[in-house]
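Notes to accompany the following structure.
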Amino acid sequence: MTLWSGRFAEPPSDVLWRYTVDHSDRRLLVDDVTGSLAHVAMLGGAGILPDEDTDALTDGLRRILGEAESGEFRYVNGDEDVHSAVERRLIELVGEVGGKLHTGRSRNDQVALDLRLYLRRAAEGRADQLAAFAMMLADLAEGTADLVVPVFTHLQQAQPISFGHHLLAHAWPMLRDRERIIECMARLDVSPLGAGAAGGSSLPLRPDAVAGELGMSAIFENSIDAVAGRDVVCEYVFCCAQTVVGLSRLAEELVLWGTTEFGWVTYDERTVTGSSALPQKQNPDIAELARGRAATVLGDVTALLALQKGLPLAYQRDLQEDKALAFHADDTLAATLEALGAMLAGARFHPPLPSSETAALDLAERLTGRGVPFRRAHQAVGRLVAALHGNGRDLGSATGDDLAADPLFEQADLEVIDPQGSVAQRLSPGGGSVASVHHQIETLRRRLSN
Ligand code: ARG
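The numbering of the sequence shown is this note's numbering, which starts it at 44 and goes up by one.
Following this line, the structure appears as structure tokens:
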């Protein structure tokens, strides 16, 4: 029997059932029962239900919570959704009084609450994972601070930097991803229960008491908004999407760095795969899948935005689709953090030195130190590089004679044409020097342990 059979002479058709029943919400079971326990406590506290009913419902719900936590809870074919399943089981356990559970409540405010409870916990988990990942990047950066690599612009070698600086460039956005998730948690932490189907109830409900029971920091202000709003779910999924996009960008570099052409890194054999056809290969499949799965999370955000667009207020059944999207985005983020973290943790970095030409800016800046306008210095170094290339040489092979072609140069300027020296001389704050890397690591660790 459905929750709504009273109005109907006929049972639902199989086709309606197959099309409308959703099993994805079963992941909300524990949150659903937790929300129901808070609802019952409120009904008792507000004098809406007598104590003996409150006690019976609470006992029954606690037993269901036990079944949910131990995995013993059983669904039956007639359960339309997780909410109906819990009410059906409650009546099995405590008898007709179980029918009082839904007093002053609708599945519309109930499901909105369940999802917020679920995502609040998920957000906490992801924030912790992100902190651990960024901490690992800080540790790796510390261990690789003395390795000198080129930083790229236009995928051309640009300047020499500490390799740790590059790793940290992935840690900082991760810190912001974490902060964004924590900020989103505050908006998730608002209870919609008490909104009813859409317009509230004639009963003296106490939404504040429910929120207090659940440790939520605020309650809805408008019942229509409480049941129809999905912006916060969408915001959380955006947080997931932005984070997996950052991870995908890191993954792309892990693929690139592992190629024969780059030769920057060797991965732990346990974190790469082989080829069924090509015996020599080791493939970075974790990184490739991280990149590929990021695409599917972008789909989740787009779908959630589209779900809201054009939806009249208040609750419409369309909104049932939000859960699978939110779960998929969150699951993908959790799994990607775990897998990519394992791949990175086992990586051994051995990048070759950058091209000597990456010191070209240092040579130009040396001239500016003598009062030469930067534009003239840039021209002079550019001409020197062009002349050397014309003879099949590069900047690293320049001699005093080559510099003598332009009076702006002094012989001693040759000493700055050295990628390692360039990193050692780098002064600007937040730049690619080793000192900057150590400073960043300290700041990052401090901000992550807050
Ligand atoms: N399964 C539904 C959902 O996820 C629960 C709310 C159903 N409400 C209703 N009026 N049929 O949105």
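All C-beta atoms in this analysis are idealised placements derived from N, C-alpha and C, irrespective of residue type, glycine included.
Exposed or buried, which one is Pro450 when buried takes at least 16 other CB atoms within 10 Å?
With fewer than 16 other Cβ atoms within 10 Å, it is exposed.
By DSSP, does Ala372 sit in helix, in strand, or in coil?
In the structure shown, Ala372 sits in a helix (DSSP, three-state: H, G or I).
Expressed to the nearest angstrom, what Euclidean distance is found between the alpha-carbon atoms of Phe452 and Arg409?
Rounded to the nearest angstrom, the two C-alpha atoms are 9 Å apart.
State the start and end residues of the unbroken beta strand (DSSP E) segment that holds Ala89.
Where Ala89 is concerned, there is no enclosing beta strand (DSSP E), given that its DSSP letter is neither H nor E.
Where do the ends of the beta strand (DSSP E) carrying Phe195 lie?
Segment 191 to 196, the beta strand (DSSP E) holding Phe195.
Do Leu341 and ligand 1 come close, with the Cβ less than 7 Å from some heavy atom?
Checking every heavy atom of ligand 1 against the Cβ of Leu341, none is found closer than 7 Å.
Looking at the secondary structure, which residues open and close the beta strand (DSSP E) in which Ile460 lies?
Note, Ile460: premise wrong, no beta strand (DSSP E); not H, not E.
I need the DSSP call for Phe452, collapsed to helix, strand or coil.
DSSP places Phe452 in coil when its eight states are reduced to three.
If Val424 and Ser205 are in contact, beta carbons under 8 Å, what's the gap, nearest whole angstrom?
Not really, about 23 Å apart at Cβ, beyond 8 Å.
Anyone know if the C-beta pair for Gly121 and Met44 falls short of 8 Å?
Contact flag set, yes.
Ala201 lies in the beta strand (DSSP E); which residues open and close that run?
Segment 199 to 205, the beta strand (DSSP E) holding Ala201.
The alpha helix (DSSP H) that contains Val58, what's its start and end?
From DSSP, the alpha helix (DSSP H) with Val58 extends over 57 to 63.
Give me the Cα-Cα distance between Asp189 and His208, rounded to the nearest whole angstrom.
C-alpha separation (whole angstroms): 10 Å.
Going by Cα to Cα distance, which pick from Ser127, Ala99, Val119, Ala284 is closest to Ser495?
Because residue 495 is not part of the residues shown, which for the chain are 44 to 493, the question remains open.
Should Leu362 be counted as a contact of ligand 1 given a C-beta to heavy atom distance under 7 Å?
Leu362: yes, Cβ under 7 Å from ligand 1.
What three-state label does DSSP hand Ala261 in the structure shown?
Residue state, collapsed to three classes: strand.
Going along the chain, which residues of its own chain have a beta-carbon closer than 6 Å to the beta-carbon of Leu160, five neighbours each way excluded?
Asp74, listed in sequence order.
Can you name the start and end residues of the alpha helix (DSSP H) that Ser291 belongs to?
Unbroken alpha helix (DSSP H) run through Ser291: 274 to 300.
In chain order, which alpha helix (DSSP H) runs of at least 4 residues are fully inside the segment 89 to 149?
The segment 89 to 149 contains these whole alpha helix (DSSP H) runs: 94 to 113, 125 to 137.
In three-state DSSP terms, what is Phe392?
Reduced to three states, the DSSP call for Phe392 is strand.
Kindly examine ligand 1 and report whether one of its heavy atoms sits closer than 7 Å to the Cβ of Tyr118.
No, the Cβ of Tyr118 stays beyond 7 Å of every heavy atom of ligand 1.
What alpha helix (DSSP H) runs, 4 residues minimum, are completely inside the segment 201 to 261?
If we require 4 residues or more, the alpha helix (DSSP H) runs fully inside the segment 201 to 261 come out as 206 to 231, 250 to 257.
Is Asn493 helix, strand or coil by DSSP?
Coil, per DSSP.
For Asn151, is the classification buried or exposed, using 16 other Cβ atoms within 10 angstroms of its Cβ as the cut-off for buried?
By the neighbour-count rule (16 or more Cβ atoms within 10 Å), Asn151 is buried.
Can you list, in chain order, the residues of its chain whose CB lies under 7 Å from that of Gly142, leaving out five sequence neighbours each side?
These residues qualify, in order along the chain: Ile134.
Which class does Asn326 belong to by DSSP, given the choice of helix, strand or coil?
Note: Asn326 maps to strand in three-state DSSP.
Does ligand 1 have even one heavy atom less than 7 Å from the beta-carbon of Val315?
No, the beta carbon of Val315 sits no closer than 7 Å to any heavy atom of ligand 1.
Hey, would you say the C-beta of Val154 is under 7 Å away from at least one heavy atom of ligand 1?
Within the cutoff, so yes.
Quick one: give me the first and last residue of the alpha helix (DSSP H) that Gly475 is part of.
Segment: none, Gly475 is in no alpha helix (DSSP H) and carries neither H nor E.
Reducing DSSP to helix, strand and coil, say where Thr379 ends up.
Helix at Thr379.
Would the segment 173 to 183 and the segment 209 to 216 be scored as touching if the rule is three or more Cβ pairs under 8 Å?
Flag = yes, the segment 173 to 183 and the segment 209 to 216 touch.
Assuming Leu293 and Leu383 form a contact by the criterion Cβ under 8 Å, report the distance between their Cβ atoms to the nearest whole angstrom.
Rounded, the Cβ-Cβ distance is 7 Å, consistent with contact.
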